[in-house]
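If you're matching positions, the sequence shown starts at 0 in numbering that gives the first Met the number 0 and goes up one per residue. Each residue gets a CB set at the ideal place from its N, CA and C atoms; glycine is no exception. Take a look at the structure below.
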Amino acid sequence: MLNSSLKELAQALAGKKISSVELTQLYLDRINRLNPAINAYVSTQPERSLAQAKAADARLAAGDAGPLTGIPLAQKDIFCAEGWLTTCGSKMLANFVSPYDATVIQKFDAAGAVNLGKTNMDEFAMGSSNETSFFGPVKNPWDQSRVPGGSSGGSAAAVAARLAPAATGTDTGGSIRQPAALCNLTGLKPTYGVVSRWGMIAFASSLDQAGPMARSAEDCGLLLNAMAGFDPKDSTSLERPVEDYTRELNAPAAAKPLAGLKIGLPKEFFGEGCDAAVMAAIQAAIEQYKALGAEMVEVSLPNMKLSVPAYYVIAPAEASSNLSRFDGVRYGYRAPEYDSLDDMYAKSRAQGFGAEVKRRILIGTYVLSHGYYDAYYLQAQRIRRLIAEDFVAAFKQCDVILGPTSPSTAFKLGDKAGDPVQMYLSDIYTIAVNLAGLPGMSLPCGFAEGLPVGLQLIGNYFDEARLLNVAHRYQQVTDWHGRAPAGLE
């Protein structure tokens with residue numbers, strides 16, 4: 000069961016080969032045994048999970064089941080869930096129990112899925128290694144001396160270690176795709192506005208987007224079907240017709256299923272800066288796509304080199320605004336001793352936030368301050384528009400863009416913790432997608448010295464169904480996505 004796809008689990012539940020209670024207990028037992036070493040989960044509530052599973056079994060018995068009814072899922076601890084700790088990996092919210100459900104949680108509850116628990120993450124989603132969490136770093140199941148990526152590292156590690164069949168993540172600059180690459184998963188960041196952000200604690204509101212993390216593109220499609228949809232409570236949610244994102248996956252097998260597809264290879268993705276072993280795996284994947292019938296087209300994204308500096312002006316600026324609400328007054332951490340209201344604000348924020356969050360708040364406040372707003376923030380927004388226009392031009396030449404997800408495989412814990420710039424460069428291939436609001440995904444495409452390598456696919460706006468199909472056809476003829484870490488029995 001641990002290596003079954005979501006469709007196979009649904010078939011097993013429908014055929015009464017296993018009950019949702021039994022399946023949920025299987026994962027809870029595994030979490031209890033393995034999570035202390037991996038640190039993927041920050042909280043579980045076995046009684047609540049089993050109660051959801053029991054309700055799912057009743058729906059299955061009544062013939063009222065959907066594709067996800069009875070299936071246990073892990074939820075990134077950035078989504079508010081009623082009665083659950085919702086910490087964002089921060090001391091500031093270490094004791095916050097949400098009084099309501101995020102829309103994403105509501106949708107999974109309506110689908111009959113079971114919440115296994117809340118997963119660890121970089122504090123307020125700020126990080127690329129899951130080392131900034133107040134609850135300690137997550138360990139990569141493929142090598143526990145290495146990072147799983149971030150900020151959705153807990154979700155990635157949980158699925159990779161078979162502590163959940165699938166999980167939710169959020170992606171602000173690569174936080175679904177980069178950990179998916181480092182942990183041998185498939186992860187999808189949808190077009191901005193396709194999945195509701197209501198109840199998802201904000202880091203950078205114009206960049207944050209929720210998405211699925213699973214072992215295969217087919218599983219991600221099933222999860223996105225449940226997650227996507229217009230939400231009137233979210234002003235950034237897009238009102239669009241309901242889609243079946245798996246609709247292209249069930250087409251009959253063909254000798255060249257991707258005939259006619261044009262894949263763009265940006266020259267900026269294939270220059271210096273990427274490990275040779277990672278690039279070798281990407282080149283092998285390109286050859287596989289040619290065998291599937293796809294045509295390769297060289298394209299250019301000339302402003303991509305500016306994506307990292309633009310992002311690290313825009314994202315901290317939005318973070319400094321969003322995190323101003325955590326002041327020790329209404330909820331969250333409050334300093335135990337203070338002399339005045341101003342002193343309470345200062346001490347609560349100084350003690351409640353970690354170093355990386357403070358760094359970004361300071362940067363964001365600086366670039367928004369009088370005299371610097373025009374020089375930094377407005378310039379970054381102009382660059383953001385140029386980056387989006389580069390993608391518009393590229394998609395006139397191709398259907399999908401391909402390249403590496405991360406410039407390296409998983410690095411050692413602590414290797415980049417003291418050098419923020421090197422940490423920020425971990426997202427050099429992913430950030431531009433968020434700045435443009437495009438859909439992007441990472442899928443496994445090989446290994447380098449025993450560590451997973453991720454292939455990134457980028458689509459045009461609202462082209463998630465095609466992206467999933469392009470990934471699915473590759474996964475039909477390769478087995479990288481099916482491989483599991485050794486030693487976690």
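Could you pull the start and end residues of the alpha helix (DSSP H) that leucine 181 belongs to?
For this step, residue 181 is matched to residue 182 along the sequence shown. Note, leucine 181: alpha helix (DSSP H), 176 to 181.
Hey, could you find the ends of the alpha helix (DSSP H) glutamine 287 is sitting in?
Within the sequence shown, numbered from 1, the residue matching residue 287 stands at position 288. Element bounds for glutamine 287: 275 to 290.
Using DSSP's beta-bridge definition, name the partner residues of serine 441.
For the purposes of this step, residue 441 is identified with residue 442 of the sequence shown, where counting begins at 1. DSSP output for serine 441 lists Gly186, Gln455 as bridge partner(s).
Is it a yes or a no for the segment 301 to 314 touching the segment 370 to 386, going by three-plus beta-carbon pairs under 8 Å?
yes
Could you check which residue in Ala180, Lys117, Trp83, Ala290 has the C-alpha nearest to that of proline 140?
Against the sequence shown, residue 140 aligns to sequence position 141. Comparing Cα positions, the closest option is Ala180.
Give the DSSP-derived three-state secondary structure of valine 137 in the structure shown.
One-based indexing of the sequence shown puts residue 137 at position 138. Correct three-state label for valine 137: coil.
Cβ-Cβ distance between lysine 188 and glycine 439 below 7 Å:
Here residue 188 corresponds to residue number 189 of the sequence shown, with the count starting at 1. Here residue 439 corresponds to residue number 440 of the sequence shown, with the count starting at 1. Yes, the pair counts as a contact, with Cβ atoms nearer than the cut-off.
Residues near alanine 354 by beta carbon distance below 8 Å, same chain, minus five either side
Residue mapping note: residue 354 aligns to position 355 of the sequence shown, counting from 1. Thr131, listed in sequence order.
What residues match up with alanine 227 in a beta bridge as DSSP calls it?
Position 228 of the sequence shown, counting from 1, holds the residue named residue 227. Paired residues: Val194.
State the start and end residues of the unbroken beta strand (DSSP E) segment that holds aspartate 170.
For this step, residue 170 is matched to residue 171 along the sequence shown. Run containing aspartate 170: 166 to 170, per the beta strand (DSSP E) assignment.
Methionine 120 in three-state terms, based on DSSP:
To locate residue 120, count along the sequence shown from 1; it is residue 121. DSSP places methionine 120 in coil when its eight states are reduced to three.
Should the segment 67 to 83 be regarded as contacting the segment 20 to 31, the criterion being three or more beta carbon pairs within less than 8 Å?
yes
Strand pairing of glycine 263, partner residues [DSSP]:
Position 264 of the sequence shown holds residue 263. Paired residue(s): Val296, Ile400.
Assuming glutamate 217 contacts lysine 395 (C-beta within less than 8 Å), just tell me the rounded distance between them.
Sequence index remark: in the sequence shown, residue 217 carries index 218 (1-based). Sequence index remark: in the sequence shown, residue 395 carries index 396 (1-based). Contact between glutamate 217 and lysine 395 is absent: CB atoms are separated by about 30 Å, not below the 8 Å threshold.
Supposed contact pair glutamine 208 and isoleucine 313 - C-beta distance, whole angstroms, cut 8 Å:
Residue mapping note: residue 313 aligns to position 314 of the sequence shown, counting from 1. Residue mapping note: residue 208 aligns to position 209 of the sequence shown, counting from 1. The Cβ separation is near 15 Å, so there is no contact.
According to DSSP, is glutamine 143 helix, strand or coil?
Residue numbering aside, residue 143 sits at position 144 when the sequence shown is read from its first letter. Residue state, collapsed to three classes: coil.
Nearest by alpha-carbon distance to valine 399: which of Gly458, Gly445, Arg348 is it?
Here residue 399 is taken as the residue at index 400 of the sequence shown, counted from 1. Closest option to valine 399, Cα to Cα, is Gly458.
Where the alpha helix (DSSP H) through alanine 349 begins and ends
The residue labelled residue 349 in the question sits at position 350 within the sequence shown. Residues 340 to 351.
Drop a sphere of 10 angstroms on the beta-carbon of lysine 138, count the other beta-carbons inside from all chains shown, and report buried for 16 or more, exposed for fewer.
Position 139 of the sequence shown, counted from the start, is the residue given in the question as residue 138. Answer is buried; the Cβ neighbour count reaches 16.
Need the endpoints of the beta strand (DSSP E) that glycine 210 sits in, please.
The count along the sequence shown starts at 1 and reaches residue 210 at position 211. Unbroken beta strand (DSSP E) run through glycine 210: 208 to 213.
What first and last residue would you give for the alpha helix (DSSP H) that runs through proline 308?
One-based indexing of the sequence shown puts residue 308 at position 309. Run containing proline 308: 306 to 321, per the alpha helix (DSSP H) assignment.
Going by CA-CA distance only, name the one from Ile281, Lys106, Leu434, Lys255 that's closest to phenylalanine 78.
In the sequence shown, counting from the first residue as 1, residue 78 sits at position 79. Comparing Cα positions, the closest option is Lys106.
Using the C-alpha atoms, what's the distance from glycine 192 back to leucine 237?
Here the question's residue 237 lines up with position 238 in the sequence shown. Here the question's residue 192 lines up with position 193 in the sequence shown. For leucine 237 and glycine 192, the gap between their C-alpha atoms comes out near 5 Å.
Just the C-alpha distance for aspartate 230 and alanine 275, rounded to the nearest angstrom, thanks.
In the sequence shown, counting from the first residue as 1, residue 230 sits at position 231. In the sequence shown, counting from the first residue as 1, residue 275 sits at position 276. Roughly 44 Å between the two C-alpha positions.
The segment 109 to 127 contacting the segment 149 to 159, beta-carbon criterion three pairs below 8 Å:
Yes: the two stretches touch, three or more of their Cβ pairs being nearer than 8 Å.
On a Cα-Cα basis, can you pick out the residue from Arg482, Leu221, Leu59 that is closest to asparagine 249?
Taking the first residue of the sequence shown as position 1, residue 249 is located at position 250. The shortest Cα separation from asparagine 249 among Arg482, Leu221, Leu59 belongs to Leu221.
Could you check the C-alpha separation between glycine 14 and alanine 464 for me, to the nearest Å?
Start at 1 with the first residue of the sequence shown, and residue 14 comes out as number 15. Start at 1 with the first residue of the sequence shown, and residue 464 comes out as number 465. Their backbone Cα atoms lie some 29 Å apart in a straight line.
Can you name, in chain order, every residue of its own chain whose Cβ lies under 7 Å from the Cβ of lysine 53, other than the five neighbours on each side?
The residue you call residue 53 lines up with position 54 of the sequence shown. So the list reads Val20, once near-sequence residues are dropped.
What did DSSP end up calling proline 484 once you bin it into helix, strand or coil?
As a working note, residue 484 is residue 485 in the sequence shown. Of the three classes helix, strand and coil, the one that applies to proline 484 here is coil, per DSSP.
Where phenylalanine 134 and serine 204 are concerned, what is the direct C-alpha to C-alpha distance, given to the nearest angstrom?
The count along the sequence shown starts at 1 and reaches residue 134 at position 135. The count along the sequence shown starts at 1 and reaches residue 204 at position 205. Going by the C-alpha atoms only, they are around 24 Å apart.
Measuring straight from C-alpha to C-alpha, what distance separates threonine 169 and threonine 235?
Within the sequence shown, the letter at position 170 stands for residue 169. Within the sequence shown, the letter at position 236 stands for residue 235. Whole-angstrom Cα-Cα distance: 15 Å.
Where methionine 199 sits in the DSSP three-state scheme:
Residue mapping note: residue 199 aligns to position 200 of the sequence shown, counting from 1. In this structure, methionine 199 counts as strand in the three-state DSSP scheme.
DSSP state of leucine 67 mapped onto helix, strand, coil
Counting from 1 along the sequence shown, the entry for residue 67 is found at position 68. The answer is coil: DSSP assigns leucine 67 none of H, G, I, E or B.
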